[in-house]
Amino acid sequence: MNLIRDYRSDAATLATLHMRQAMADAEVGDDFNGEDPTVNRLEKRSAELFGKEAALFVISCTMANQIAIMASTNHGDEVLVGEESHIYNMETGGLSALAGVQTRVLRSLDGRFDFQDVQKSIRKHGLQAPITKVLCLENTYDLNKGIPLSKEYISEMCELAHKNDLQVFLDGARIFNAAAALKVEPKILCEDIDMMQFSLCKGLSAPVGAVLLGTKEFIERARRMRQRMGGGLAQAGHMAAAGVVALETMIDRIENDNINAKKLAMGLASINDKMVDVEKTLTNIVKMDLKTAGKDAYYISSVLEEHGIKIKIIDSTTCRFVTHRGITAEDIDETIEIIKSTLI
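Position in the sequence shown counted from 1, then plus 3, gives you the numbering used here.
Right under this line is the structure:
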């Protein structure tokens, strides 16, 4: 049993011994000049995995999101974003502060935008209007729900965007959780996407990094934006080496995280079926609603923390659990029992 069980995020994963050894032994060079063989290997493997022309290793998903928009828009352009999306809510206003674009917000139903809403949100060209340039998708969608978006839905959104001369960017920080839930290969799931990123340091368990993907032309522009953001690195292969190992060893086990989340959701629902929507718990995120439970999220969090269990408080009646490699089935059993004894 783990001493600390951290459900706050799958970014809590720790590098494996294999990753740590690979980092120590990595063959490195100057990535600024494209001369780091380990970075080059990570980028090549990532591009192949998703069927894209080129890739760029960056420090974080937030950096990847920001430089993607910077590389595909001009100041004063407009991008379409989801109301619950990370790029809109969790990046300290980066789209306006860094990319210099304005956002048009789309509402979603179970993570999906309405076709007509998207169509109406694409501005007609006019002297006084900003130019709509990018439709931003996220898969899994909503950091507090983890909704997997189907291939059919993504293709529909891409077709609509492309017909209106928009590019489609995908925040795929948890794309492997989505692919596992949908039982679709990542390459197929993302084949219509123009540009995307995925996290190395969430379910894949590397200590740092994300990979941005797209056409060669886009990645060259993104490389300049990365430099502008201070993201150019010398001898980055020591970090990239963990990412290489992650792609080789961690993708197939991601499904276990989804399974454990479902186990947790079912256990919580057995205490109070109004606390969790089991049917909508499809990936590795469990949202617990305490409105009918008689205790608030702060109290539940404090009780769990006394037992070495950390969760994320969303608000006074809602909290989030994220499963990952550091959370075992036994940990989930214990978590359920503690919550049960607290509420009953």
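Backbone N, C-alpha and C fix where the C-beta goes; we use that ideal spot for every residue, glycine too.
It should be emphasised that the depicted structure is a prediction, and the values quoted were computed from it without experimental measurement.
Quick one: measure Cβ to Cβ for residue i and residue j, integer angstroms, because I've assumed they're closer than 8 Å.
i: M198; j: F172; result: 5 Å
i: P354; j: Q105; result: Lying outside 4 to 347, the shown extent of the chain, residue 354 is not represented and no answer is given.
i: G436; j: Y144; result: Any answer about residue 436 is impossible in this case: the structure gives the chain only from 4 up to 347.
i: L216; j: D34; result: Not confirmed; about 17 Å, so no contact.
i: T326; j: D260; result: 5 Å
i: R228; j: A74; result: Per the sequence presented here, residue 228 reads as Met, with Arg not at that position. Right, their Cβ atoms sit about 5 Å apart.
i: V214; j: Q200; result: 6 Å
i: L83; j: R107; result: 5 Å
i: A300; j: I274; result: The Cβ separation is near 15 Å, so there is no contact.
i: L271; j: I196; result: Between I196 and L271 the Cβ distance is about 34 Å, and since that is not below 8 Å, they are no contact.
i: L101; j: Q69; result: 5 Å
i: A369; j: V42; result: The question about residue 369 has no answer, for the chain in this structure spans 4 to 347.
i: L293; j: M278; result: 7 Å
Under DSSP, the beta strand (DSSP E) around residue i begins and ends at which residues?
i: C204; result: Premise fails: C204 is in no beta strand (DSSP E) and is neither H nor E.
i: A164; result: No beta strand (DSSP E) holds A164; the alpha helix (DSSP H) holding it covers 154-166.
i: M291; result: 288-292
i: G28; result: The question names Gly, yet the displayed sequence has Asp at residue 28. Note, D28: premise wrong, no beta strand (DSSP E); alpha helix (DSSP H) at 20-28.
i: I317; result: 315-318
Just reading off the alpha helix (DSSP H) that residue i is part of, what are its end residues?
i: I335; result: 332-346
i: I72; result: 64-75
i: D120; result: 118-124
i: K47; result: 40-53
i: S99; result: 97-100
i: N36; result: No alpha helix (DSSP H) contains N36, which DSSP labels as neither H nor E.
i: N92; result: 89-92
May I ask you to list the residues that DSSP assigns as paired with residue i?
i: S111; result: F116
i: E81; result: Q105, T135
i: K298; result: DSSP output for K298 lists no bridge partner at all.
i: D174; result: E141, Q200
i: L59; result: L215
i: V325; result: I288
i: I150; result: Y144
i: D9; result: K313
Buried or exposed: which applies to residue i, given that a residue is buried once 16 or more other Cβ atoms fall within 10 Å of its Cβ?
i: I312; result: buried
i: D120; result: exposed
i: K127; result: exposed
i: G297; result: exposed
i: H241; result: buried
i: M66; result: buried
i: Q170; result: buried
i: E46; result: buried
i: M4; result: Caution is warranted here: a pLDDT of 44 is assigned to M4, below 50, making its placement in the model unreliable, and no coordinate value can be reported.
i: F118; result: exposed
i: I7; result: exposed
i: L59; result: buried
Please specify which runs of the alpha helix (DSSP H), each continuous and at least 4 residues long, are wholly inside the stretch 181-269, giving them in chain order.
-> 189-192, 219-231, 240-252
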